[in-house]
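Enquirer:
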Amino acid sequence: MKNAQSPAKARMSVPLADLKLQYRAMKDEIDRAIFEVIEDTAFILGKYAQEFEREFAAYCTTKHAIGVCSGTSALRVALLSSGIKAGDEVITTPYTFIATVEAITGMGAKPVFVDIQKDTYNMNPRHIEEKITERTKAIIPVHIYGQPCDMDPIVALGRKYSLTVIEDAAQAHGAYYNSRRVGSLGDCACFSFYPGKNLGAYGDAGGITTDSDNLAQEARLWRDHGRSSKYFHQREGFNFRLDGIQANILKAKLAYLEEWNRRRGENAARYNRLLADIDEVTTPFVAPQATHVYHLYVIKVSDRDALFDHLRAHGVGVGVHYPVPLHLQEAYTHLGLGEGAFPVAEECAQSVLSLPVFPELTQEQIEYVVQCIKDFYTKG
Ligand SMILES: Cc1ncc(COP(=O)(O)O)c(C=O)c1O
């Protein structure tokens, strides 16, 4: 490491995320959004859900947005609406949150993994075609950490083999790929509005975006007991509905999403500059065709676990996304994929570290985090 000498800093507390700061900054709007729904008793779907769906579809530049009760249910509804059935195969990444794969196995379909790219941590499009069989029905690329996957080759394979391409955009609200918005890149896309996401509700919530009238209609049936109108059910479905309070909060927060993403980008750029001279740290790579919205700012480091403990001991909230790739999780031993099956994902799991990057983070806090990292590599 070069240039290690810098003045000692007083101990600070830097959380991985701080949702209270965001609430305080827009308390009146949030409180009003909640009380509006209570006054109107529009608790489930209804007017506020429709308004948010309209605005979120416009934001994603899609014809439709369908609100549901979580990102996990969005994935489930997207698969059902695409006609995926038990026994079908769905290609995805082993380097994601478990929900992506739970949605596949939950309907009796089989997840088929492809390894990730070393630099972006996203699914490697070059490995997809060799995994396609006559049972393959869909591909779920996950825009991990907030950077879109390389979608053109993925969509081209989808077209070539008649596979539905379902974006898992749970971490990438507002990102662009070749100047096109995430959510509009595949046949449909699934979003999580879990509180800590770039656009987060005050509870569980999720959404699906699509340009397809048919897929949107199917999704509206599946999320609401297969209901075509009150007490008329075309089929059995689920209770995966978005509630009005969450929808109205999301609508209020959507107005700030661009600004919050811009600040996340600024924080990431500041980290990139300050960490550049630490040889033990690799800062995020952003592909030229992508904009990254930094749901997570993830660096690759040597001696990760010791650095993790060091930062925690110095008041820095750090995370590991993800310490075990899905094929090595106990939950998926039945897939029979042992160590060595996806070497890039396995190597990343050993070396990635997430630093605080939330929009309200201050320059001083970033400098403190970087100084703690420098101290670790110089002083041990
Ligand atoms: C990549 C990814 N997919 C799906 C989900 C599931 O979303 P939710 O927690 O809203 O069900 C998440 C949320 O953490 C996620 O990060």
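The numbering used here puts the first residue of the sequence shown at 1, with every later residue one more than the last. From the three backbone atoms N, C-alpha and C, an ideal C-beta is built for every residue, glycine too. Owing to the predicted nature of the structure, the values given are computational and were not obtained by experimental measurement.
What are the boundary residues of the alpha helix (DSSP H) that G244 is part of?
Expert: Sequence index remark: in the sequence shown, residue 244 carries index 244 (1-based). Where G244 is concerned, the enclosing alpha helix (DSSP H) stretches over 244 to 254.
Enquirer: At 3 residues or longer, what runs of the beta strand (DSSP E) sit wholly inside the stretch 310 to 361?
Expert: The qualifying runs are 352 to 355.
Enquirer: Suppose contacts are defined by Cβ-Cβ distances below 8 angstroms. Is G174 in contact with T209 by that definition?
Expert: If you number the sequence shown from 1, residue 174 lands on position 174. If you number the sequence shown from 1, residue 209 lands on position 209. For G174 and T209, no; Cβs fall outside 8 angstroms.
Enquirer: On the DSSP bridge assignment, give the partners of I66 in chain order.
Expert: The residue labelled residue 66 in the question sits at position 66 within the sequence shown. Per DSSP, I208.
Enquirer: With a threshold of 7 angstroms, establish whether the CB of S354 neighbours any heavy atom of ligand 1.
Expert: Indexing the sequence shown from 1 puts residue 354 at position 354. Not so, every heavy atom of ligand 1 lies at least 7 angstroms from the Cβ.
Enquirer: Per DSSP, which one or two residues make a beta bridge with A189?
Expert: Numbered from its first residue, the sequence shown carries residue 189 at position 189. In DSSP, A189 forms a bridge with E167, T209.
Enquirer: Which stretch, first to last residue, makes up the beta strand (DSSP E) that contains Y297?
Expert: Counting from 1 along the sequence shown, the entry for residue 297 is found at position 297. 297 to 301 is the span of the beta strand (DSSP E), which, as asked, contains Y297.
Enquirer: Within 10 angstroms of the Cβ of I299, are there 16 or more other Cβ atoms? Answer buried if so, exposed if not.
Expert: Residue 299 sits at position 299 when you count from the first residue of the sequence shown. It counts as buried.
Enquirer: Is it true that the stretch 145 to 161 meets the stretch 287 to 297, where meeting means three or more beta-carbon pairs spaced less than 8 angstroms apart?
Expert: Yes, since at least three Cβ pairs between the stretch 145 to 161 and the stretch 287 to 297 fall closer than 8 angstroms, the two stretches touch.
Enquirer: Nearest-angstrom Cα distance between E29 and N239?
Expert: As a first step, residue 29 is located in the sequence shown; it is residue number 29 there, counting from the start. As a first step, residue 239 is located in the sequence shown; it is residue number 239 there, counting from the start. Approximately 29 angstroms, taken between the alpha carbons.
Enquirer: Quick check on the DSSP output: the alpha helix (DSSP H) that includes Q153 runs from which residue to which?
Expert: Within the sequence shown, numbered from 1, the residue matching residue 153 stands at position 153. Strictly speaking, residue 153 in this sequence is Pro, with Gln absent from that position. Unbroken alpha helix (DSSP H) run through P153: 151 to 161.
Enquirer: Starting from T136 and walking both ways along the alpha helix (DSSP H), at which residues does that stretch end?
Expert: Taking the sequence shown and counting its residues from 1, one reaches residue 136 at position 136. No alpha helix (DSSP H) contains T136, which is instead part of the beta strand (DSSP E) from 136 to 139.
Enquirer: Among K253, V357, P111, G106, which has the Cα closest to the Cα of E55?
Expert: Here residue 55 is taken as the residue at index 55 of the sequence shown, counted from 1. If we check each option's Cα against that of E55, K253 comes out closest.
Enquirer: Using the beta-carbon count (16 or more within 10 Å), is H334 buried or exposed?
Expert: Here residue 334 refers to the residue found at position 334 of the sequence shown. Classification of H334: exposed, given that the 10 Å Cβ count is below 16.
Enquirer: By DSSP's criteria, V112 is part of a beta bridge. Which residues make up the other side?
Expert: By one-based count along the sequence shown, residue 112 stands at place 112. For V112, which the question treats as bridged, DSSP gives the partners I91.
Enquirer: Under 7 angstroms: does the beta carbon of S184 sit that close to some heavy atom of ligand 1?
Expert: As a first step, residue 184 must be located in the sequence shown, where it is residue number 184. No - ligand 1 has no heavy atom lying nearer than 7 angstroms to the Cβ of S184.
Enquirer: Exposed or buried, which one is I38 when buried takes at least 16 other CB atoms within 10 Å?
Expert: Reading the sequence shown from its first residue, position 38 is the one you call residue 38. Exposed, since its Cβ has fewer than 16 Cβ neighbours within 10 Å.
Enquirer: Is it the case that the Cβ atoms of H385 and K197 are separated by a distance below 8 angstroms?
Expert: In the structure as shown, the chain starts at 1 and stops at 380, and residue 385 therefore has no counterpart that could be examined.
Enquirer: How far does the alpha helix (DSSP H) with R262 in it extend, from its first residue to its last?
Expert: For the purposes of this step, residue 262 is taken as residue 262 along the sequence shown, with counting starting at 1. Counting along the chain, the alpha helix (DSSP H) containing R262 begins and ends at 257 to 275.
Enquirer: Whole angstroms are fine: how far does the CA of D40 sit from the CA of Y48?
Expert: As a first step, residue 48 must be located in the sequence shown, where it is residue number 48. As a first step, residue 40 must be located in the sequence shown, where it is residue number 40. Y48 and D40: Cα-Cα distance of roughly 10 angstroms.
Enquirer: Using DSSP bridges, identify the partner residues of I282.
Expert: One-based indexing of the sequence shown puts residue 282 at position 282. The question names Ile, yet the displayed sequence has Thr at residue 282. For T282, which the question treats as bridged, DSSP gives the partners K300.
Enquirer: Does the Cβ of S351 lie closer than 7 angstroms to at least one heavy atom of ligand 1?
Expert: As a working mapping, residue 351 is identified with position 351 in the sequence shown. No; taking the cut-off as 7 angstroms, the Cβ of S351 has no heavy atom of ligand 1 nearer than that.
Enquirer: Nearest by alpha-carbon distance to A331: which of Y271, T61, P111 is it?
Expert: Within the sequence shown, residue 331 is the residue found at index 331, counting from 1. Minimum Cα distance to A331 is reached at P111.
Enquirer: Cα-Cα, which of A109, G146, Y368 is closest to A138?
Expert: Your numbering for residue 138 matches position 138 in the sequence shown. Minimum Cα distance to A138 is reached at A109.
Enquirer: Using the rule of at least 16 other Cβ atoms within 10 Å of the residue's Cβ for burial, across every protein chain shown, is Y145 buried or exposed?
Expert: The residue given as residue 145 occupies position 145 in the sequence shown. Buried, by the Cβ-count rule.
Enquirer: Using the Cα positions of G203 and L257, report the straight-line distance between them to the nearest angstrom.
Expert: Here residue 203 is taken as the residue at index 203 of the sequence shown, counted from 1. Here residue 257 is taken as the residue at index 257 of the sequence shown, counted from 1. Answer to the nearest angstrom: the Cα atoms are 18 angstroms apart.
Enquirer: Going by the beta-carbon positions, is the gap between D168 and P141 smaller than 8 angstroms?
Expert: What you label residue 168 is simply residue 168 of the sequence shown in a count that begins at 1. What you label residue 141 is simply residue 141 of the sequence shown in a count that begins at 1. Contact flag set, yes.
Enquirer: If distances are taken between C-alpha atoms only, which option among A33, G244, D88, A341 comes closest to L163?
Expert: To locate residue 163, count along the sequence shown from 1; it is residue 163. Residue D88 is the option with its Cα nearest to L163.
Enquirer: If Y194 sits next to G71, beta carbons under 8 angstroms apart, how far is it from one beta carbon to the other, in whole angstroms?
Expert: The sequence position of residue 194 within the sequence shown is 194, counting from 1. The sequence position of residue 71 within the sequence shown is 71, counting from 1. With a Cβ gap of about 6 angstroms, Y194 and G71 count as contacting.
Enquirer: Count the CB pairs spanning the stretch 73 to 82 and the stretch 300 to 315 that are closer than 8 angstroms, and state whether there are at least three.
Expert: Because the criterion of three Cβ pairs below 8 angstroms is not met, the stretch 73 to 82 and the stretch 300 to 315 do not touch.
Enquirer: Drop a sphere of 10 angstroms on the beta-carbon of H310, count the other beta-carbons inside from all chains shown, and report buried for 16 or more, exposed for fewer.
Expert: Taking the sequence shown and counting its residues from 1, one reaches residue 310 at position 310. Per the 10 Å Cβ criterion, buried.
Enquirer: Across which residues does DSSP place A290 in a beta bridge pair?
Expert: Start at 1 with the first residue of the sequence shown, and residue 290 comes out as number 290. A290 is bridged to Y177.
Enquirer: Excluding the 5 residues flanking E346 on each side, which residues of the same chain have their C-beta closer than 8 angstroms to its C-beta?
Expert: As a position in the sequence shown, residue 346 is number 346, starting the count at 1. Counting only Cβ-Cβ distances below 8 angstroms, and skipping sequence neighbours, we find P325, L328, E339, G340.
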